[in-house]
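**Q** Below is one structure. I have some questions about it.
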Amino acid sequence: MKESIHIKNLGPIKDIFIEDIKPLTVLIGESGSGKSTLMKAIALFRWLYKMHNIRSYLKRSKVSKSPFRFRMDTYFRNCGFEEYLKNNPEITYTVEFSDNRKYSLHFAKNKLTGTGDKDLVQIQDLYYNKLSFISETRNIIPLWAERGASLTGGYLGFYFHEVYNDFDLASENIKDLDINYLNLKLSVKKIQSNKKYFIQSPNKEYELTLKNSSSGTQNAIPVTLIAEHFSKHFDFERAFNESLVKFLFKTDNLTDFKPVKNLGDIKKKLFIHIEEPELSLFPDAQCELISDLVSKCFVTNSNSIDLIFSTHSPYIINHLNLLIKAYDCNQLVDGAKIAFEKLAVYQVEEGKIQDLVVKNQRIINTNTLSDTINNIYDKYNQLDKDGRLIEK
Amino acid sequence: MEDLLRNDFTAHYGLPVCIEPNLVIQTNETYFEIEDTVTREIALHRINGGGMARFSNPNAIEITIANYDKFVTSLPHHFQNGRKRCDIIVCDDGRNLIFGEIKDSPNIKQHRKKAKKQLYESLTTLIAVPQFLALTNNKTVKRCCYFNKQTSSPAILTATAAFNRLSLIFQDGFQMSHPAIEGQNFEFWEYLGGHTLTLT
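Chains as they are written, first to last, in our numbering: chain A, 20 to 411; chain B, 516 to 715.
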């Protein structure tokens with residue numbers, strides 16, 4: 020399954036084409052460059068393709084009535100894209116299989132195409148996918164979890180509730196989790212009918228509630244907990260059956276349903292999208308967090324996972340070079356390694372992307388990320404020499 | 516290359532023959548560096564760190580270096596007006612054909628962006644000349660290169676050196692993606708600091 024995406028005129032994005040979305044894709048760029056927009060657009064179209072697969076499965080299983088309609092205006096509003104519609108954005112997302120079998124979803128002139136009955140996914144290409152979007156609003160989770168009961172009915176935006184639901188689901192399965200890169204442990208306890216989240220030092224010298232822990236801890240814990248959940252604990256069968264039964268009941272088609280393929284025979288994939296995993300962390304911890312994520316998604320995982328994250332951190336991109344070398348040397352660094360061929364790093368700027376993968380070496384070009392430090396000391400040297408700043 | 520620029524290029528664009536002196540220099544040194552001087556001349560250095568773009572020439576091939584910037588600047592204003600141009604074109608009788616934009620400057624980020632445009636526009640301007648297009652067909656090493664000699668930080672601070680360590684690990688320069696240049700069957704390469712282009 021090879022994915023590509025072409026986006027034109029979507030907010031800060033002028034024209035971005037990714038021919039092959041790699042299993043680990045990293046986006047770096049200035050604030051407002053379009054990293055999040057790109058990641059949200061990819062996540063949205065992956066979700067649309069997932070739903071198209073479910074619809075294709077049901078149609079091929081003799082369920083004639085469509086269980087749902089795609090409402091792009093709602094999805095664009097959820098993504099925060101509604102103001103971008105006036106520029107007539109165009110998005111084409113394509114999934115390609117061997118023998119040149121392709122499925123394309125195309126959005127243009129405010130209309131989605133590629134999801135009709137003539138476009139159904141063939142039986143051998145059916146996938147059941149699960150998506151997770153860990154937004155930067157995750158820092159509200161500890162407070163929300165603490166006071167959730169008193170905030171019933173409150174709405175903090177689509178992405179917050181998506182990440183909160185994943186966090187809540189993950190903490191149903193995982194009660195204790197070592198956060199090695201922070202030298203801490205997360206403990207989930209049931210007190211009366213509520214879940215409470217605690218942070219403990221390794222030898223239990225102290226324990227405090229998650230909402231009173233450091234900002235770095237509050238940002239990092241949801242990332243690690245959700246990644247651990249999807250890596251090893253996510254129950255595809257249960258999730259799929261729940262979706263299926265819900266749709267069949269909704270359309271009153273339960274008796275018509277003649278499964279064309281067993282769930283066990285359908286390929287499955289998890290897609291995790293993370294906004295700035297490094298938020299509020301010191302550089303050392305940033306690198307260890309990335310090792311932990313790569314380990315969970317590509318080394319110790321039971322489920323097949325693709326990971327995309329955005330970042331502002333040159334440390335993280337440099338750290339990826341270490342993980343590539345670790346793979347080439349068949350070693351693990353903090354439990355992690357990544358194959359060069361599975362990785363892409365794009366710098367997003369001026370509405371376009373620059374591929375940072377070096378073609379003649381097995382590394383990522385981090386030189387562009389050193390420009391800031393070079394500029395600081397170039398200016399320092401000029402001031403030192405001339406007593407005033409002279410731009411060449 | 517000199518004849519191609521002075522005669523074929525100008526004839527193709529309907530311009531008078533270029534009579535600007537010292538457009539081209541030649542060398543067969545096994546190591547040389549090129550400096551783009553403030554007077555738009557090209558100077559060769561044999562000492563490490565003397566120039567801005569580093570070349571290794573282990574087989575002592577006869578190399579021609581054309582001052583493309585000076586050449587375009589010598590042409591009538593109506594032609595050069597607004598036309599982006601790179602600094603040099605390096606070639607030999609063998610397989611090498613290199614476009615180069617060379618800098619010794621802060622603001623690396625801005626210059627990289629500008630250099631890509633200068634290189635691409637120089638390439639398309641020249642490829643439109645049939646004699647140049649024919650020349651490219653005989654070459655196998657076809658590169659558009661951005662060179663920048665990096666400056667250093669105060670000696671007691673290691674941050675700059677630490678952030679630039681990748682350039683010390685790999686000496687050959689980095690081939691990066693540039694779809695427009697690749698569309699012309701050339702490659703885009705970046706040479707920073709100690710990176711050296713080896714001509715073979």
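Ideal Cβ placement from N, Cα and C applies to all residues, glycine included. The structure presented is a predicted model; accordingly, all values stated were derived computationally and were not measured.
What is the rounded straight-line gap between the Cα of residue 604(B) and the Cα of residue 583(B)?
**A** Counting from one through the second sequence, the residue named residue 604(B) turns up at place 89. Counting from one through the second sequence, the residue named residue 583(B) turns up at place 68. Distance between the alpha carbons of residue 604(B) and residue 583(B): 6 Å.
**Q** For residue 146(A), which three-state DSSP category applies?
**A** Here residue 146(A) is taken as the residue at index 127 of the first sequence, counted from 1. Three-state result, residue 146(A): strand.
**Q** Applying the 10 Å Cβ sphere with the 16-neighbour rule, what's the burial state of residue 653(B)?
**A** Walking along the second sequence from the start, residue 653(B) turns up at place 138. Burial call: exposed.
**Q** Pick from 585(B), 548(B), 552(B): whose alpha carbon is nearest that of residue 561(B)?
**A** For the purposes of this step, residue 561(B) is taken as the residue at position 46 of the second sequence. Looking at the Cα atoms, 548(B) is the closest of the given residues.
**Q** What three-state label does DSSP hand residue 708(B) in the structure shown?
**A** Residue 708(B) sits at position 193 when you count from the first residue of the second sequence. Coil at residue 708(B), not helix or strand.
**Q** If you draw a straight line from the alpha carbon of residue 639(B) to that of residue 709(B), how long is it in whole angstroms?
**A** Taking the second sequence and counting its residues from 1, one reaches residue 639(B) at position 124. Taking the second sequence and counting its residues from 1, one reaches residue 709(B) at position 194. When rounded, the distance between both Cα atoms is 29 Å.
**Q** When the cut-off is 8 Å and only beta carbons count, does residue 336(A) lie next to chain B?
**A** The sequence position of residue 336(A) within the first sequence is 317, counting from 1. Output row for residue 336(A): interface = no.
**Q** Leaving out the 5 sequence neighbours to the left and right, which residues in its chain are closer than 6 Å to residue 66(A) when beta-carbon positions are compared?
**A** For the purposes of this step, residue 66(A) is taken as residue 47 along the first sequence, with counting starting at 1. Within the same chain, residue 66(A) has close Cβ partners 150.
**Q** If we require 4 or more residues per run, which alpha helix (DSSP H) segments fall completely within the region 329 to 411 of chain A?
**A** Here the runs fully enclosed are 333 to 347, 390 to 405.
**Q** Which of the three DSSP states, helix, strand or coil, is assigned to residue 595(B)?
**A** Your numbering for residue 595(B) matches position 80 in the second sequence. Correct three-state label for residue 595(B): helix.
**Q** Give me, in chain order, the residues of the same chain whose beta-carbon lies closer than 6 Å to that of residue 327(A); leave out the 5 immediate sequence neighbours on both sides.
**A** For this step, residue 327(A) is matched to residue 308 along the first sequence. Result list for residue 327(A): 44, 58, 292, in chain order.
**Q** Please state whether the Cβ-Cβ distance between residue 679(B) and residue 618(B) is less than 8 Å.
**A** Here residue 679(B) corresponds to residue number 164 of the second sequence, with the count starting at 1. Here residue 618(B) corresponds to residue number 103 of the second sequence, with the count starting at 1. Result no, Cβ atoms of residue 679(B) and residue 618(B) do not sit closer than 8 Å.
**Q** Taking the alpha carbon of residue 248(A) as the point to measure from, which residue in 199(A), 52(A), 319(A) has its own alpha carbon closest?
**A** As a first step, residue 248(A) is located in the first sequence; it is residue number 229 there, counting from the start. When each option's Cα is compared against that of residue 248(A), the closest is 319(A).
**Q** By Cβ distance below 8 Å, which residues in the same chain neighbour residue 700(B) in space, the five residues on each side in sequence not counted?
**A** Within the second sequence, numbered from 1, the residue matching residue 700(B) stands at position 185. Contacts found: 651, 657.
**Q** Quick check on residue 624(B) - is its C-beta less than 8 Å from some C-beta in chain A?
**A** Stepping through the second sequence from its first residue, residue 624(B) is reached at position 109. Yes, contact with chain A.
**Q** Short check: CB of residue 215(A) to CB of residue 236(A), under 8 Å?
**A** As a position in the first sequence, residue 215(A) is number 196, starting the count at 1. As a position in the first sequence, residue 236(A) is number 217, starting the count at 1. In this structure, residue 236(A) does not lie closer than 8 Å to residue 215(A) by Cβ.
**Q** When you compare only the Cα positions, how much space is there between residue 128(A) and residue 612(B)?
**A** Residue numbering aside, residue 128(A) sits at position 109 when the first sequence is read from its first letter. Residue numbering aside, residue 612(B) sits at position 97 when the second sequence is read from its first letter. Near 46 Å, if we compare the C-alpha coordinates of residue 612(B) and residue 128(A).
**Q** Alpha carbon to alpha carbon, how far is residue 566(B) from residue 22(A)? Give it in angstroms, no decimals.
**A** Residue mapping note: residue 22(A) aligns to position 3 of the first sequence, counting from 1. Residue mapping note: residue 566(B) aligns to position 51 of the second sequence, counting from 1. The alpha-carbon atoms of residue 22(A) and residue 566(B) are separated by roughly 45 Å.
**Q** Three or more C-beta pairs under 8 Å: does that hold for the region 285 to 300 of chain A against the region 202 to 218 of chain A?
**A** Too few Cβ pairs lie closer than 8 Å, so no.
**Q** Answer with buried or exposed for residue 335(A), where buried requires no fewer than 16 other C-beta atoms within 10 angstroms of its C-beta.
**A** Position 316 of the first sequence, counting from 1, holds the residue named residue 335(A). With 16 or more Cβ atoms within 10 Å of its Cβ, residue 335(A) is classed as buried.
**Q** Please classify residue 555(B) as buried or exposed, where buried requires at least 16 neighbouring CB atoms within 10 angstroms.
**A** As a first step, residue 555(B) is located in the second sequence; it is residue number 40 there, counting from the start. It is exposed - the Cβ of residue 555(B) has fewer than 16 other Cβ atoms within 10 Å.
**Q** Looking at residue 76(A) and residue 124(A), is the spacing between their C-beta atoms short of 8 Å?
**A** Sequence index remark: in the first sequence, residue 124(A) carries index 105 (1-based). Sequence index remark: in the first sequence, residue 76(A) carries index 57 (1-based). No; because the gap between Cβ atoms is not below 8 Å, this pair is not in contact.
**Q** With DSSP as the reference, identify every bridge partner of residue 213(A), one or two as the case may be.
**A** Counted from its first residue, the first sequence places residue 213(A) at position 194. Residue 213(A) pairs with 210(A).
**Q** If you draw a straight line from the C-alpha of residue 360(A) to the C-alpha of residue 353(A), how long is it?
**A** Start at 1 with the first residue of the first sequence, and residue 360(A) comes out as number 341. Start at 1 with the first residue of the first sequence, and residue 353(A) comes out as number 334. Whole-angstrom Cα-Cα distance: 20 Å.
**Q** With DSSP as the reference, identify every bridge partner of residue 568(B), one or two as the case may be.
**A** What you label residue 568(B) is simply residue 53 of the second sequence in a count that begins at 1. Paired residues: 549(B).
**Q** In angstroms, rounded to a whole number, what distance separates the CA positions of residue 411(A) and residue 599(B)?
**A** To locate residue 411(A), count along the first sequence from 1; it is residue 392. To locate residue 599(B), count along the second sequence from 1; it is residue 84. Since pLDDT at residue 411(A) reaches only 46, below the 50 mark, its modelled position is unreliable, and no value is offered.
**Q** What is the DSSP secondary structure of residue 417(A), counted as helix, strand or coil?
**A** Given a span of 20 to 411 for chain A in the structure shown, any question on residue 417(A) remains unanswerable.
**Q** Residue 277(A): buried (16+ other C-beta within 10 angstroms of its C-beta) or exposed?
**A** What you label residue 277(A) is simply residue 258 of the first sequence in a count that begins at 1. Result: exposed.
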